[in-house]
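Protein chains in written order, with the numbering used here: chain A, 41 to 708; chain B, 2 to 295.
Take a look at the structure set out below.
Okay, structure coming up:
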């Protein structure tokens, strides 16, 4: 016998000012199944909850409906409330008469009261069909995967490892280090980027709890929170990492030449290479596209092989192939970082054709002591020191028409930093900065910007650059100074563009592999912009660093630490509670057509053979089976199943039909 | 036709005598001249029951389901539509190709038995509507084939009847369908004959589920019609069997064709039952799918 208690909440004036709560309670008092009905100012308050608990005891209630706000707000509260006095938490139902009623029908009090009554009747009809459900348990693999070996990934891995958990760093390039390893100095302290990064890299590589998987790609992710199964493609290095001692002889002998991506193609590297001298692991890889041996093999020949001849340990292995390995993890942290916006789409900046119009990251390599010019600031075209440098901010940022609508956050500061560095290295060089706004929120950031202008004498011009064109050896930069309201023209020797930060070009594919959301620009989406900044909507997957949106190093490191804490909180559990509101297949009804398999976004459904007795014989047939740990309860299978064999617990066909019937009967 | 008929009998005889098949599904002559009904032949002595004439419209593939749990090896004569139904059943994992021998028979279109029943004897009987619109008269899959392929007389899908309904205003549409489904007696013949209606446990037989009451009235009947059209959407092979068997002449194919038209428009041209693998339009998603409705 169903004995439903109905509790109508006023939510102060949020509901009470529109819906006549006492009348709603009155309207449903005699509705089938209702044993008790009342209203109260704040149902979620302690007296409100006590009221529910007392009513359960006094009136012997076995089901409860609270009509108040969205279940996203207080379903947990009320489930816990009824559970405390012995009711199964799933014998509770919430009618949303705030977001779904009072807030959207303000001023139409009478109709809103009627609608609230309908919503409560629907909830009562459903709760009468509800069944007691029990939470499930799933084990936890106590090991984390960090995807991306930049500063965010390294920091996150170190924090997890220092908490005593095993962690793997997956990095697609031959070395960990990321963008920070390309940067020369860091703002606002101007300390050497490598000097603060390399100790972290070394710590990560020598940490007993950290395992580096470099030159490898994320291929496929299966499983669920606590139990991910990740397939990793270990790309063929063509070097046996166990035999290689990192002596570097191969690199000095290699005749193959290729653009040096690490140095922004400002110089050449060999075909067998490590991206930079402090690379970790400090073991080279063969770039097969540019290796003479592999190139000759395409033409049916087999030449060169010099690296192999000179290698003292016989580590070169031309026959290596990509290897697919599957590993188990309890949690995944995405720390895939960013790329630099390509300014060659802008005609006004010369479509990327002028060699002396360079990006911020190019400049970092130019000014770096181990870079292509040994740290001398010279023009890429003729290696002469520039006497006048123009810097342009917001290249690709805050340009919804051609570039990105967002602010890249870091450019104001790195432009100021680079301007001071030019003034430091070449005191006679004049530096102009074209800007839209200067945004320097951050500890000691605005002070740094002011020093750039006041102490270093960098000229800030508020306005956009309308055209850059080659004029003899110089670049003519035309723009507007909007503060003076006049056109300016500067003859510059070099132009540095502050290019926007964009996500990795394949970030959307990555997100799809891992099963997390991404925004229109390809940045990974956090679960809540304020209260869940490192979580994603997929349980067990977290975000660190710039893959979530433009970030500087301090922010990336802070977020990495935050993600690590979330991972550790997850890995510290021996078992995870799983929601029982998942799909279940009635094998008696299931025909085994398998149409539910491809529609399941969580790959939770498989076809299984079962044995049955039929007409005196044992037969075997296929039926669908739902893995309750993988299932997220979306219900896609239940609407695909024609015969109604798949049913979502707590949202069963019968329960939803009861709601529809309650509504339709009211209308009739 | 007689050449094909004798070849059918010879093939059946050979299959049964050699033991390659334990049962052969074909057509035999029914009680009326315009009835050719399914027959299951287990003995080589009975092969002369098999016939091939202009009334062999009935899709035989559905009968393969009856043999899934038997030890039989089943040979089946199959026109273009029967083979598309066969593919559909394989794709729905309701039958196993290992148990079946498909003997393809190219078809020149069948006459409408319903029309014949109303005409005086000897009168010219028109082709059935489904056959008139048929684009696949030749078997799309077979283990053996009898006869010569014919040239399809239709290449494009004909949606003129659907468009006529689409052009009606809402009230006229509602009135039209209400009238049609008032005639329906819910005998479920359309469901029973349909090769796409192959669930082990049909939703309309689960009376306790609450989806469908046993009342026979325009509302319940329309719910039945619409639900069934949804259930076969994306899997209907347009054999027209549902209309053929309907004792109340409900234009069932009209609704099925509306779904086919919508699927073509929304998800790209699709022909059910040509393949046994690959995505089915309504049971498949891609991350790149348009989400205009979101």
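Cβ atoms here follow ideal geometry from the backbone N, Cα and C, with glycine treated the same way.
Note down the Cα distance separating residue i from residue j, rounded to an integer number of angstroms.
i: residue 96/B; j: residue 149/B; result: 28 Å
i: residue 708/A; j: residue 702/A; result: Caution applies to residue 708/A, whose pLDDT of 48 falls short of 50 and renders its modelled position unreliable; the value that the coordinates give is listed next. Cα to Cα, the separation comes out at about 10 Å.
i: residue 512/A; j: residue 326/A; result: 41 Å
i: residue 269/A; j: residue 372/A; result: 10 Å
i: residue 466/A; j: residue 573/A; result: 42 Å
i: residue 31/B; j: residue 12/B; result: 22 Å
i: residue 154/B; j: residue 33/B; result: 28 Å
i: residue 163/B; j: residue 266/B; result: 13 Å
i: residue 704/A; j: residue 253/B; result: 28 Å
i: residue 392/A; j: residue 451/A; result: 19 Å
i: residue 700/A; j: residue 222/B; result: 19 Å
i: residue 113/A; j: residue 66/A; result: 25 Å
i: residue 568/A; j: residue 533/A; result: 46 Å
i: residue 16/B; j: residue 170/B; result: 56 Å
i: residue 548/A; j: residue 558/A; result: 7 Å
i: residue 711/A; j: residue 477/A; result: With chain A covering 41 to 708 only, the question about residue 711/A has no answer from this structure.
i: residue 127/B; j: residue 108/B; result: 15 Å
i: residue 438/A; j: residue 383/A; result: 14 Å
i: residue 506/A; j: residue 517/A; result: 8 Å
i: residue 278/B; j: residue 632/A; result: 16 Å
Alpha helix (DSSP H) containing residue i: first to last residue?
i: residue 550/A; result: 547 to 554
i: residue 245/B; result: 242 to 246
i: residue 595/A; result: 593 to 611
i: residue 33/A; result: The requested residue 33/A is not part of the displayed model; chain A covers only 41 to 708.
i: residue 510/A; result: Careful: residue 510/A lies outside any alpha helix (DSSP H), inside the beta strand (DSSP E) at 505 to 511.
Measure the Cβ-Cβ separation of residue i and residue j and say whether it is below 7 Å.
i: residue 230/A; j: residue 256/A; result: no
i: residue 74/A; j: residue 106/A; result: no
i: residue 193/A; j: residue 618/A; result: no
i: residue 235/B; j: residue 204/B; result: no
i: residue 64/B; j: residue 35/B; result: no
i: residue 480/A; j: residue 489/A; result: yes
i: residue 282/B; j: residue 268/B; result: yes
i: residue 330/A; j: residue 405/A; result: no
i: residue 394/A; j: residue 510/A; result: yes
i: residue 502/A; j: residue 484/A; result: no
i: residue 610/A; j: residue 374/A; result: no
i: residue 241/B; j: residue 131/B; result: yes
i: residue 89/A; j: residue 125/A; result: no
i: residue 436/A; j: residue 539/A; result: yes
i: residue 280/A; j: residue 355/A; result: yes
i: residue 80/B; j: residue 103/B; result: no
i: residue 264/A; j: residue 670/A; result: yes
Below 8 Å on the Cβ atoms is my contact criterion, and I expect residue i with residue j to pass it. Report the Cβ-Cβ distance as a whole number of Å.
i: residue 186/A; j: residue 196/A; result: 5 Å
i: residue 29/B; j: residue 50/B; result: 5 Å
i: residue 219/B; j: residue 179/B; result: 5 Å
i: residue 635/A; j: residue 284/B; result: 4 Å
Starting from residue i, follow the beta strand (DSSP E) in both directions and report where the run begins and ends.
i: residue 341/A; result: It is not in any beta strand (DSSP E) - residue 341/A carries neither H nor E in the DSSP assignment.
i: residue 298/A; result: 297 to 299
i: residue 521/A; result: 514 to 521
i: residue 178/A; result: 176 to 179
i: residue 50/A; result: Counting along the chain, residue 50/A falls outside any beta strand (DSSP E), and DSSP gives it neither H nor E.
i: residue 387/A; result: Note, residue 387/A: premise wrong, no beta strand (DSSP E); not H, not E.
i: residue 101/B; result: 101 to 105
i: residue 659/A; result: 657 to 666
*Scan the segment 602 to 617 of chain A for residues whose Cβ lies nearer than 8 Å to a Cβ of chain B and list them as they occur along the chain.*
none
*Using a Cβ cut-off of 8 Å, which residues of the segment 186 to 209 of chain B contact any Cβ in chain A, in chain order?*
199, 200, 201, 202, 203, 204, 207
*Select from the segment 544 to 560 of chain A all residues with a C-beta closer than 8 Å to any C-beta belonging to chain B, and list them in chain order.*
Here the close residues are 552.
*When you check each C-beta in the segment 272 to 295 of chain B against every C-beta of chain A, which residues fall closer than 9 Å?*
280, 281, 283, 284, 285, 286, 288
*Proximal residues, the segment 633 to 646 of chain A versus chain B, C-beta separation under 7 Å*: 633, 634, 635, 638, 639
*Using a Cβ-Cβ cut-off of less than 7 Å, list which residues of the segment 658 to 669 of chain A approach chain B; keep chain order.*
659, 662
*Contact set between the segment 91 to 106 of chain B and chain A, restricted to residues whose Cβ is under 7 Å from the partner*: Within the segment 91 to 106 of chain B, the residues whose Cβ lies closer than 7 Å to some Cβ of chain A are 93, 94, 95, listed in chain order.
_Tell me which residues of the segment 63 to 74 of chain B have at least one Cβ-Cβ distance to chain A shorter than 7 Å, keeping chain order._
Per Cβ criterion, the list reads 70.
*Name, going along the chain, the residues of the segment 672 to 689 of chain A whose beta-carbon falls closer than 8 Å to a beta-carbon of chain B.*
680, 682, 683, 684, 685
*Pull out every residue of the segment 138 to 161 of chain A whose Cβ sits closer than 8 Å to any Cβ of chain B, in chain order.*
none
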